[in-house]
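Participant: What follows is a structure written as structure tokens; I'll ask about it next.
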Amino acid sequence: MNSIDSTEPPGKPILPETAQVARRHAQEAEQHGKRIEAIGKRIQQCHHTSDDLGNTVEQVGKAIQHHAQRSEHYVEIAEQEPGNNSRQVYTKAVDEHSKATDIHVKATKQVIAAARVQQQATQKYLQHLNEQMKSSKPPAAEQKEQHDAE
């Protein structure tokens, strides 16, 4: 079975293959959360003006890890539960995985929005510098004018 969603008939415990796929997804989500947390820490260290963004990214990474760990925990319980109990617990595992995914999507949208704001600010600053350069005379031209006046 290649999906985390179960299509097995009701009343039967989840298949070992289903549990294995769900566990792998949970572990991958946890590793992804760790990488996101590390990115948040790097943003805070490298871009002191982006401390809020870095902290938000770090917290998102931790939240993803939390839900991924809960998902894996529920998969382990589901493997031990008989029949319908197994499926009910497995549903909790899927819900936790879904929460981790939702958090990631929302955080990605926030980071994209922050990047756009930063890009716009940078463009305005560069435009301002360009206008300043056009309105001021180059240093060589100023020196020539001073020399000619003497």
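Letter by letter, the sequence shown follows residues 41 to 190 in my numbering.
Beta carbons: idealized from backbone N, C-alpha and C, even for Gly.
#1: Apart from the five residues just before and just after A147, which ones in its own chain have a Cβ nearer than 6 Å to its Cβ?
#2: Find out if the Cβ-Cβ distance for the pair A108, A66 is shorter than 9 Å.
#3: Spell out a yes or no on whether the region 133-141 and the region 162-172 are touching, meaning 3 or more CB-CB pairs, one atom from each, closer than 8 Å.
#4: Scan the region 100-153 and note each continuous beta strand (DSSP E) run of 3 residues or more that stays entirely inside, going in chain order.
#5: Going by beta carbon distance, what residues of the same chain come within less than 6 Å of A154, once the five residues before and after it are set aside?
#6: Here's the rule: buried if 16 or more other CB atoms are within 10 angstroms of the residue's CB, otherwise exposed. What is P53?
#7: State the Cα-Cα distance for the pair P122 and I143, rounded to the nearest angstrom.
#8: What span of residues does the alpha helix (DSSP H) with K74 cover, start to end?
#9: Which class does S175 belong to by DSSP, given the choice of helix, strand or coil?
#10: Give every residue of the same chain whose Cβ lies closer than 6 Å to the Cβ of E77, excluding the five residues on either side of it in the sequence, and list them in chain order.
#11: Could you have a look at K164 and say whether DSSP puts it in helix, strand or coil?
#12: Counting C-beta neighbours from all protein chains within 10 Å, is the total for S111 16 or more, i.e. buried, or is it exposed?
#13: My understanding is that G80 touches N95, with C-beta atoms under 8 Å, so please give their C-beta distance in whole angstroms.
#14: Can you have a look at S126 and say buried or exposed, based on whether 16 or more other CB atoms are within 10 angstroms of its CB?
Facilitator: Let me spell this out:
#1: A distance below 6 Å between beta-carbons, with the five flanking residues on each side excluded, links A147 to the following residues of its chain, in chain order: V100.
#2: Contact: yes.
#3: The answer is no - the region 162-172 does not touch the region 133-141, with fewer than three Cβ pairs under 8 Å.
#4: Listed in chain order, the beta strand (DSSP E) elements of length 3 or more contained wholly in the region 100-153 amount to none.
#5: So the list reads L93, once near-sequence residues are dropped.
#6: Around the beta carbon of P53, 16 or more other beta carbons sit within 10 angstroms, so the residue counts as buried.
#7: Approximately 31 Å, taken between the alpha carbons.
#8: Per DSSP, K74 belongs to the alpha helix (DSSP H) from P56 to C86.
#9: For S175, the three-state secondary structure derived from DSSP is helix.
#10: Excluding sequence neighbours, E77 sits near E98, G101 and K102.
#11: In the structure shown, K164 sits in a helix (DSSP, three-state: H, G or I).
#12: Counting Cβ neighbours within 10 Å, S111 comes out buried, since at least 16 surround it.
#13: Confirmed, Cβ separation roughly 7 Å.
#14: Of the residues assessed, S126 falls on the buried side of the cut-off, its CB having 16 or more other CB atoms within 10 angstroms.
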